[in-house]
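Numbering of the sequence shown is given in our numbering, commencing with residue 203 and proceeding in unit increments.
Since the structure comes first, as structure tokens, the remarks are kept for the end.
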Amino acid sequence: MIQYALKCSEGHSFDSWFQSASAFDKLAAAGMVTCAICGSAKVEKAIMTPRVRPARNAKVQTQAAPPESKEISVEPTAADVEKVLTELRRKVEENSDYVGKNFAKEARKMHLGESPDRPIYGEAKPEEAKALIEDGVPVAPLPFVPSRKTN
203 MIQYALKCSE GHSFDSWFQS ASAFDKLAAA GMVTCAICGS AKVEKAIMTP
253 RVRPARNAKV QTQAAPPESK EISVEPTAAD VEKVLTELRR KVEENSDYVG
303 KNFAKEARKM HLGESPDRPI YGEAKPEEAK ALIEDGVPVA PLPFVPSRKT
353 N
């Protein structure tokens, strides 16, 4: 086993163990080595100090603690989530037809070929959505209320 100090293209540093140097090279070439902080696959070996065992009669030297590093939050902020949801809502409303409470009926008609296929969104009761899924009609809940339903 070999330990490498690694660094991603975003500047995050982290350590990882590999079976051998060639194992690291193969995994890195396949894009399977990713940053532990941001998930970037652009990872390379960083400069690291060698681990040399001190002589038996060497004096023990204490090392100063490394300076505290600034913590990086990988959790999205509420503002980030709201921005993404607003953009998703805008795209859905621009590119789909709002069918309101007729969603289940319209989706089923398209699935059966009785109505032309087109992107739609609307409202369905939980029982209606479950029945659509059981019948193989592709549906998914949207994480927002349509703007036509807001004041």
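A virtual CB, placed ideally from N, CA and C, is assigned to each residue, including glycine.
A distance below 7 Å between beta-carbons, with the five flanking residues on each side excluded, links Gly-302 to the following residues of its chain, in chain order: Gly-324 and Glu-325. When Lys-228, Ile-204, Cys-237 and Ala-232 are compared, the shortest CA-CA separation from Phe-216 is found for Cys-237. Here Cys-210 is buried: its Cβ has 16 or more other Cβ atoms, across all protein chains shown, within 10 Å. For Lys-285, no beta strand (DSSP E) segment is defined; the enclosing uninterrupted segment is the alpha helix (DSSP H) at 280-297. Assignment of Glu-246 by DSSP, reduced to helix, strand and coil, places it in the strand class. Counting only unbroken stretches of 4 or more residues, the alpha helix (DSSP H) elements lying wholly within the region 298-326 are 305-313, in sequence order.
Going by beta carbons, Arg-320 and Asp-299 fall inside the 8 Å limit. Assignment of Ala-331 by DSSP, reduced to helix, strand and coil, places it in the helix class. Under the three-state reduction of DSSP output, Ser-224 falls in the helix class.
Residue nearest to Ala-331 within the set Ile-239, Met-250, Ala-223 and Lys-307 is Lys-307 (criterion: CA-CA distance). Taking every protein chain shown into account, the CB of Leu-208 has 16 or more other CB atoms within 10 angstroms, so this residue is buried. Taking the Cα of Ser-242 as reference, the smallest distance to any Cα among Phe-346, Lys-311 and Val-276 is reached at Val-276.
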